[in-house]
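Chains as they are written, first to last, in the UniProt record's numbering: chain Z, 1 to 998; chain C, 1 to 417.
Note that beta-carbon positions come from the ideal geometry of N, C-alpha and C, so glycine has one too.
Model, not experiment: these values are computed from the prediction.
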Ligand SMILES: Cc1cc2nc3c(=O)[nH]c(=O)nc-3n(C[C@H](O)[C@H](O)[C@H](O)COP(=O)(O)OP(=O)(O)OC[C@H]3O[C@@H](n4cnc5c(N)ncnc54)[C@H](O)[C@@H]3O)c2cc1C
């Protein structure tokens, strides 16, 4: 038998289909379709957790997502632990391991419960008032202890083996909630042919029909009707029904995010099936039919295991066939709890008493109770409860005091009324309004294309609800463009359930305000007196009350507690509830797994990896790669047994002695085309472009508006109206944006078009004395003699038969070419060039060698030798700033007083006194190494390398007034030594610059 | 003011905590004050506190349109550090860190300053260069910041993934041990309580709708939703709303306002001992005392005054977190929110006099001003009281955007928070 509390003939599960699982090591049996909560209750277990602060024993409160207490660690293997799972939502599966949390050594004997004894001390916000002495104790003693005590479950410790999926869909009508209202609306909308998505967080459709067995629709039990309509909908081509799917976020432009629990209820989910799936739905119209959540009663000792919501008890009975106790008392201020009592009684369970805080109770209900032999005490309150790990008895008094009596009970079910579920509605930015008559917040005016219907809309009467739902469905479809009449007629329905009556805040029986523990927020152990204390301490805004007490900030996000907290605060402040105001609802509605949000964006797919067309050849050559932005660039090419240092030295030497091949494809490339192209570049770059002849290239720098260097690169003029612009690797996208931005906003009159061509060209730099010899056999249609293609030229022709732009340029100071061919040919051309280069004794070289070689020549790298605070003049590039141009981006910025002041940091070279010593990049420079801290720093090392070609270390740095300090000695203080350096110019190799001509 | 202590708590426990005073008074606004502070965030409340405590100016009102501490102060992820690059920033932020250490005792309010260490991860050669530059500069400025190898980084923060095959492997980290976190609400409340006790009026639910200037152009007071309130000195400390208020006084600010979002997970037992930030992978994380993982990243792409979040931003942030800490994919997002941050062109704050006599402004903290709260408030109070900046905030003048004397931490590091 799947538990002693299973009642034969009750519920909708098939008793024969048993499932075995463990809870805290105990092997238990449930039934397929059980939630962990229903299976535990069936086995007589209510005690499922310990509270956050006082470690009080706690039972299952609800049968839904609002559960604050029954949070369990679920796993199917050592690497699938999931903490804080709501037992009321998680379905049991064969082999499930469930463990209670936040207790030691065991759930029934928890040492942390001593906190309960100190609870008078641990009042709301007490930690702000103490733990301050001695000063160091917070970090070393108090905080570690508080942290260890807090925290509920235990984080997973191993990487997650499961997969998650993600889908984007569009639909005409999204219906959130598959209760009676949602189903009717969906059916009505679907009838028109509109595409409809309907989602519900439960495994089965029906919402409140799970427990309301008295609701009959079209002559059958409501739940049965719901399943039928569900299959009807599922069978329609234009409808998608998603169960176990929670809508958790309502964003702008009707974007609603859903998360589907796909396989967490299977015993052995297929590895290919995701654990959860995120649905990002863009809907023309949204119908919110999210129902209402029952509130608990706030009274003394209202937290013992066995005390739960009345609707939950009814769900356990009517859906799962499980009795929540054998002797079940009721405490209510709402009619609906009576139905729960009646159902229990009719199932043969003792119901000793219904305590109703109201004096005015519907006579029909009272008569029914009498007929069933249930005693009803109106105008009474439950004022205390007894029982350690399970409720034993309740004490009852007339409201306002008087003689009390004790009634034995192993369960108490309660209802303080129903709170419309307006989370999604609120997230859509619409405001809730207070309805005085029904004493609740209801939807106001929608601000997106959406409507609310049913219980979340405050529509209580069944007739009205049916009509509202059917109309909403048809109207949504019509507004989405499906004009034809739906032809759908709402079913006939009748129900005995009434949800009349509401009590907010402390119930009668919450006792003298300062000593009694009447829980408002169970999980965070917030009591009515905590809320009162907050108000007394001056917390007059509901946000202050919430933060001071932590009410509503637990994992259930206040689904049962927010309204109570608000009402108690309002009462203390002597203000009407709406004047105190609600706290804001934010996504998510219920907690959402990180994995579902991240889904495929992990590991390799975390960020796209960009590889050049030649990548495979680099791999074959044994390259070590470096991440540069999203690119993988060859860093160096070690030969067997070679260290990075040795490889780089060899590459550096070989390039200058013979030649080297370098993949420069990642450099940003922008094709700037149009009659005004030169004029445009004049505005973007600091130097002039009008006079550049087609076939020639020029180095250019561009500034930001503020006058500092933004990017640099070589630009070739291909034709009168066509430029081939190159940018730094990292700068490619932002330079294009920068240009587009100016083109569209500042210079819209210019006839210029920009196209990113970074990925279109493969660029192979061939550098070194033998560069010409290497490329010669492959080039057709271009005379590559020194005279025909001088340094800083570009020609079009073919290389290896592929159309090419051949640049004569150099970032190494050697004779050099950059072969640009369409990316599709890149690898073949590289391989051909490399075969010959290898025969001639050349090498391939990576970014590290490129960096060293250019530093030997004093060429800067924007982003390394400049950092956004460097002007062209600082970098020694004033020659690249046209003096006569009237305008370019940054011209005003660069003339600001501080940018032209003396004493600015200027780019210089540094040579260490000890030629073997290599400075650390980023090291700071001082004039006087003996000064005390804080020292006056006059600059820092921007680039620093061992230069095999110079036979010593070299460095570049920015130093205040650096150019005036040539030959002077400065100091680089390191943690354990001070390094002496001499200021030099930035050219360390081939100062005459002859090599560039071969 | 009743002093807070364990003894006071114990005594109150005996009598149901009935004896506590209100933490701050809720007075009606007077006709005029010596100084009005606009904005009851941490910086504004702190300014009022130091005006009263250090400068003896107690006839002060802090005017707040909503509830005190409800702006970015109550929305931030509370990372505290001072390992900034430039001397000016290091001095300002380190002034704050020195005040953090001891703030609980000074205010008699436990702000839970927790120097658990802030570790910034380097994922490429460029990051390494930048962080080393910071470390060297910090050392010579007397600010602690040290370099860790990937192995040392993992020892300091065990959940960290230092696999070489990660998309962006960790190449090392810069660690500031004095960095950490504090409890944001407690900072606002502690300052409010202490300031209120010294005579400062904190006026909540009162929106400033205009700044009145006299014939000579000087400030005379502010128009509010509760009427005109006079003052010869007004300090605007309104974070994302600064531009709007300064506009009322006719001062155009070099600020852009962006939404910045954050989220927390469900609470779990201690798993994450420090604060970790990665600019390249783009997210940061710590664990609150309550057990929630506190997670954030950079601002939204576009300027806006809307505090609503969007899943696409959170999703990028979580991608990054799960990339660095793959054990967290099964954790769940509990709550998310956003604030509006005011960003300057050089990503450094403005703590300054303005062209309008009597009008002072403290803003531009962008994504990272919580850490500066005590230091900023302290020097801003000085600036208002003396009508001239403190040496520490003199470089953070409004005028620097005209002169070009920027303190460009973004250019130097591009690291936020
Ligand atoms: C999500 C997020 C995460 C962050 N994380 C960090 C972090 O980890 N570390 C860090 O150091 N910083 C962080 N920050 C930044 C930090 O929060 C802010 O820089 C800092 O809190 C600013 O404090 P403040 O007192 O200046 O502003 P606020 O706290 O915003 O106070 C300004 C106040 O002015 C009020 N106001 C505005 N207009 C008016 C008006 N017209 N009349 C009256 N009152 C008005 C507002 O209501 C508000 O209360 C983060 C910010 C956000 C949004």
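Neighbourhood of residue i by C-beta distance below 7 Å, restricted to the same chain and skipping five residues each side
i, result
"residue 631 (chain Z)", "610, 666 and 729"
"residue 291 (chain Z)", "177, 179, 207, 208, 421, 454, 455 and 456"
"residue 1001 (chain Z)", "Absent from the model: residue 1001 (chain Z). The displayed extent of chain Z is 1 to 998, so no value can be given."
Residues near residue i in its chain [Cβ-Cβ closer than 6 Å; skip 5 each side]
i, result
"residue 337 (chain Z)", "310, 330 and 415"
"residue 170 (chain Z)", "282"
"residue 849 (chain Z)", "648, 651 and 652"
"residue 955 (chain Z)", "910, 919, 941 and 944"
Expected contact under 8 Å - CB spacing of residue i and residue j to nearest Å
i, j, result
"residue 297 (chain Z)", "residue 534 (chain Z)", "Actually they are not in contact, since the Cβ atoms of residue 297 (chain Z) and residue 534 (chain Z) sit about 21 Å apart, beyond 8 Å."
"residue 25 (chain Z)", "residue 39 (chain Z)", "In fact, because the Cβ distance is near 16 Å, the residues do not count as touching under 8 Å."
"residue 376 (chain C)", "residue 362 (chain C)", "6 Å"
Chain Z contact for residue i (CB, 8 Å cutoff)
i, result
"residue 406 (chain C)", "yes"
"residue 363 (chain C)", "no"
"residue 112 (chain C)", "yes"
"residue 323 (chain C)", "yes"
"residue 403 (chain C)", "yes"
"residue 100 (chain C)", "no"
"residue 129 (chain C)", "yes"
"residue 109 (chain C)", "yes"
"residue 302 (chain C)", "no"
"residue 370 (chain C)", "no"
"residue 8 (chain C)", "yes"
CB contact below 8 Å: residue i versus chain C
i, result
"residue 587 (chain Z)", "yes"
"residue 935 (chain Z)", "yes"
"residue 868 (chain Z)", "yes"
"residue 916 (chain Z)", "no"
"residue 135 (chain Z)", "yes"
"residue 29 (chain Z)", "no"
"residue 391 (chain Z)", "no"
"residue 138 (chain Z)", "yes"
"residue 435 (chain Z)", "no"
"residue 261 (chain Z)", "no"
"residue 293 (chain Z)", "no"
"residue 1 (chain Z)", "With a pLDDT of 49 at residue 1 (chain Z), under the threshold of 50, the modelled position of this residue cannot be trusted; read the value that follows with caution. No, its Cβ sits nowhere closer than 8 Å to a Cβ of chain C."
Secondary structure of residue i, DSSP reduced to three states
i, result
"residue 380 (chain C)", "helix"
"residue 73 (chain Z)", "strand"
"residue 246 (chain Z)", "strand"
"residue 573 (chain Z)", "helix"
"residue 18 (chain Z)", "strand"
"residue 132 (chain Z)", "coil"
"residue 299 (chain Z)", "coil"
"residue 277 (chain C)", "strand"
"residue 782 (chain Z)", "coil"
"residue 508 (chain Z)", "coil"
"residue 138 (chain C)", "helix"
Contacts around residue i, its chain only, beta-carbon distance under 8 Å, and the 5 residues preceding and following it disregarded
i, result
"residue 19 (chain C)", "2, 11 and 12"
- Query: According to a CB-to-CB cut-off of less than 7 Å, which residues of the segment 699-727 of chain Z neighbour chain B?
  - Reply: Among the chains of the structure shown, chain B does not appear; the protein chains present are Z and C.
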